[in-house]
RNA sequence: GGUCCGGUGGUGAAACUGGUAUACACGCAAGACUUAAAAUCUUGUGGCAGCAAUGCCGUGUGGGUUCGAGUCCCACCCGGACCACCA
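Numbering (the numbering used here), first residue to last: 323 to 1255.
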């Protein structure tokens, strides 16, 4: 028979991912090995992944990438005998999902059911080790009941309030948006340029926590880039509000500045077109021009206010302010480059030391005075924009500040201004209060009732949840005029300020719920009289700000979460997610946790002690997007290669925290790797080689790989962990029965040389093993599978069971403890018991073991011996003048003298050295010796 | 404009605290097996020169520090992310 080189072992199974993956997924869930006992766990480890928005067709490989990366960490921690809690759910409320429903022409509720099914199917197919008994969806009334309850807690604390303000409005999505949801002047969801509207809305007072949010960052073990982004977003700045008297008026204009040191260089003042003083100070003959300018500005969005080339425009008010420092008259201008919601809405113009001020001065032909000399020493007049000096320097032309460096001068002038009563030190923030209301349907109704007599009242706890009514007409309505002319926020409105009656604005954004009479009509919880419900819903980001708390208490119905459990499990030990949430979800969640802490609801201020942002998975060199047509959906790959292959391949694309590039060709290679693993184990395990004495190289490689994989997983360098396993596999294969047989067939006589080469076995064993050509010890196979288990959970489980059913002395535990206890690491002893024969495929399912620690994922992570992990033999590089000239194989730890002797004796070195003697010898232990001549 | 990441073979990417550049994989080439293909296996694979031993060059560009630089410093070019007329 010519066909094959060696007999197929009996019962040999080909690697069939489709069958084994479905089998183990089912078994894992049924036996609950990934469901820790939340109340009794001994070593809790909360491994959390940002839950997805089920907003589109399904998860793409970018999502799978993130989930897999998080899951690997969880699997690893579980094998380290932590009680890992790894939950999953859906962030299914909100604009994302509603927009998708709009697109599909379905009711959001109906669409949610479809998406839910599909998302959970995909997540299961990926083989993540979730606790499926504790999933949650934010649109579930059992969940949003508590989202509403949280809103009420904030309201009672004065942290949720209504105010009329200039807010972002998206004309496409027909709702208001928080500042964080406006990206580059556009709506985060649909990309439409947002408008500014003055509307009365619900806000959360996140600004009250600005300093704590900033200061706590220092204590967090988070990806640095996310911390930087949060710092920048909070944008704390120390400066001073300086008041300038207006000539011929009792009014004064207050300007915020961080550079009061340059105040002697002030030549004008600019106030924004929204500024309330405009009417009061503009002289009659300038009034028409000012009004016209202000109206035009009000129509523009923030983005539209930045003209081409930042060309400055403006109008003069006719008034002057007095600079207290030197009595100088500063003309007051109006310009739209000054924003109403930044600082005080007015700036003092120092054109010599601020580029925008310079541009304005040039456009309006205003004087420029130099008051700082930079490091270049240039004291000349500033006439070109490149000369505008904004950096370090020394003060001139500023009387008592002259000669000081700018930092000292800033201090001195602030003290001086405060002393004189002309200014007050002021800290400003970029962070604004969180606009929480949305004029949409698919969200938790804000649980508030408005009574004409009693004002805003919270819905009593017993009446929660305020159910989202099932309505047919759920589509967004948009701006609704209340009879008066629809007009954007502008001059007249500002002038009317002081009257806080919201109806006076003449407009409102109408929510879909407002037309549901039965929903709106209610009674006041305070006086019992007729009242109206709030018809806005809350922002999606409120839903996702507390989900990690709910996961722990999904079965509890009488409170949002169980405090004991939260104390046991929180803060989250490892949180993984996208960097795009740096200033959205991650900031809101921190804020709410602080509020909960202040309310005595939780014991921590910071919800996530460790956070790592994963990188972006791109596809064929470009970001995945529908327009590029390079969005990769995982389903087909899982079907073709199995989830294990996809998982490993995704993790192999690059460093997890830096992202990677998904290419079709690479995945074939990973599938090959797993097939080789399958072959190695399935064809070698049955020899039960346990008396084999491992050679030095084999032993070293095993221990080194254990060390490497553990370290790499810890730092999320999954790509190199897999590479280390591949390298080890390459080595093991050389000693494998299969390879040996093939080599034997190809090259007779290789048998002996292969054995000699590895020198892995003693004589006694050799005689036993030689005929079979396998020199792979079973322990090596087991360790290999354990190290690979987090990456490829199914195939390693299958092979593990294969070995376990076969190898002598390995028995099932029959301790009968509950799963929860066993996973807790209370080392379940392997008492001798029944040995279960390995039954491939579906047969195994029928007789599945109902015992603890049966799974590879419940095995302890292999330990390594540091001595064995360290190399005994090293290749030492011999350099001459820094160039590699020779390599010496030496024992690790060899001394400098010895190496020098060896090096000088080397023929190759002699050739380069000639008669010369090294003037200097640099020696780095176990690395190199450099002879300098 | 500001801040922060990156730039290494044909490709995805490795390189610990400054110490063998290109691990691991893909692709490609040649070979084995096969009627053939697929699959699998073997060998090779940074560039240039050479039959070869070997030599020279080589981590975006130009400088610098150092016995030694992908790694540190300075200047610049390119790509990406976040923020942005923020006073």
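Note that CB positions come from ideal geometry on N, CA and C, so glycine has one too.
Extent of the continuous alpha helix (DSSP H) to which residue i belongs
{"i": "residue 842", "result": "839-842"}
{"i": "residue 1023", "result": "1018-1036"}
{"i": "residue 1197", "result": "Premise fails: residue 1197 lies in the beta strand (DSSP E), 1195-1202, not in any alpha helix (DSSP H)."}
{"i": "residue 761", "result": "Here residue 761 belongs to no alpha helix (DSSP H), and DSSP marks it neither H nor E."}
{"i": "residue 920", "result": "907-920"}
{"i": "residue 888", "result": "885-891"}
{"i": "residue 733", "result": "728-742"}
{"i": "residue 961", "result": "956-963"}
CB contact flag (residue i, residue j, <8 Å)
{"i": "residue 910", "j": "residue 863", "result": "yes"}
{"i": "residue 585", "j": "residue 645", "result": "yes"}
{"i": "residue 592", "j": "residue 655", "result": "yes"}
{"i": "residue 755", "j": "residue 528", "result": "yes"}
{"i": "residue 459", "j": "residue 414", "result": "yes"}
{"i": "residue 686", "j": "residue 765", "result": "no"}
Length of the line joining the Cα atoms of residue i and residue j
{"i": "residue 1089", "j": "residue 1210", "result": "Bear in mind that a pLDDT of 34 at residue 1089, under 50, signals an unreliable position, so the number given afterwards is only what the model happens to contain. Rounded to whole angstroms, residue 1089 to residue 1210 spans 34 Å at the Cα level."}
{"i": "residue 807", "j": "residue 520", "result": "Because the pLDDT of residue 807 is 32, which lies under 50, any placement of that residue in the model is unreliable, and the question is left without a value."}
{"i": "residue 444", "j": "residue 420", "result": "21 Å"}
{"i": "residue 849", "j": "residue 776", "result": "7 Å"}
{"i": "residue 782", "j": "residue 992", "result": "57 Å"}
{"i": "residue 626", "j": "residue 393", "result": "45 Å"}
{"i": "residue 408", "j": "residue 374", "result": "14 Å"}
{"i": "residue 810", "j": "residue 682", "result": "With a pLDDT of only 35 at residue 810, under the threshold of 50, the placement of this residue in the model should not be trusted; the figure read from the coordinates follows. Taking the straight line from one Cα to the other gives about 26 Å."}
{"i": "residue 1184", "j": "residue 1108", "result": "7 Å"}
{"i": "residue 1166", "j": "residue 346", "result": "Only weak support exists for where residue 1166 lies, its pLDDT of 43 falling under 50; the value from the coordinates is given anyway. One C-alpha to the other measures close to 10 Å."}
{"i": "residue 337", "j": "residue 994", "result": "11 Å"}
{"i": "residue 427", "j": "residue 462", "result": "22 Å"}
{"i": "residue 898", "j": "residue 892", "result": "15 Å"}
{"i": "residue 511", "j": "residue 380", "result": "17 Å"}
{"i": "residue 488", "j": "residue 565", "result": "25 Å"}
{"i": "residue 936", "j": "residue 980", "result": "6 Å"}
{"i": "residue 1116", "j": "residue 1023", "result": "25 Å"}
{"i": "residue 622", "j": "residue 517", "result": "8 Å"}
{"i": "residue 478", "j": "residue 546", "result": "35 Å"}
Reduced DSSP category for residue i - H, G, I as helix; E, B as strand; rest coil
{"i": "residue 628", "result": "coil"}
{"i": "residue 470", "result": "helix"}
{"i": "residue 574", "result": "strand"}
{"i": "residue 499", "result": "strand"}
{"i": "residue 943", "result": "coil"}
{"i": "residue 372", "result": "coil"}
{"i": "residue 1123", "result": "helix"}
{"i": "residue 1134", "result": "Annotation note: pLDDT 37 at residue 1134 (below 50); position unreliable, no value reported."}
{"i": "residue 817", "result": "Here residue 817 scores only 32 on pLDDT, less than 50, and its place in the model should not be relied on; the value that follows carries that caveat. Residue state, collapsed to three classes: helix."}
{"i": "residue 1272", "result": "Nothing can be reported for residue 1272: it is not among the residues displayed for the chain, which extend from 323 to 1255."}
{"i": "residue 795", "result": "coil"}
{"i": "residue 899", "result": "strand"}
{"i": "residue 1328", "result": "No answer is possible for residue 1328: the residues shown for the chain start at 323 and end at 1255."}
{"i": "residue 431", "result": "helix"}
{"i": "residue 1237", "result": "coil"}
{"i": "residue 772", "result": "strand"}
{"i": "residue 1117", "result": "helix"}
Delimiting residues of the beta strand (DSSP E) encompassing residue i
{"i": "residue 554", "result": "Residue 554 -> not in any beta strand (DSSP E); alpha helix (DSSP H) instead, spanning 546-556."}
{"i": "residue 524", "result": "517-526"}
{"i": "residue 493", "result": "That residue, residue 493, is in no beta strand (DSSP E); it is neither H nor E in DSSP."}
{"i": "residue 590", "result": "590-593"}
{"i": "residue 568", "result": "559-568"}
{"i": "residue 854", "result": "852-855"}
{"i": "residue 640", "result": "637-645"}
Counting pairs of Cβ atoms below 8 Å between the region 879-888 and the region 344-356, do you hit three or more? no
Mind the definition here: the region 356-371 touches the region 399-414 only if three or more C-beta pairs lie below 8 Å; say whether that holds. yes
With a threshold of 8 Å, are at least 3 pairs of Cβ atoms found where one atom belongs to the region 482-498 and the other to the region 784-799? yes
Report yes or no: do the region 651-666 and the region 623-638 share at least 3 C-beta pairs separated by less than 8 Å? yes
Inspect the CB distances between the region 431-442 and the region 733-741 and report whether three or more fall short of 8 Å. no
Counting pairs of Cβ atoms below 8 Å between the region 612-620 and the region 697-713, do you hit three or more? no
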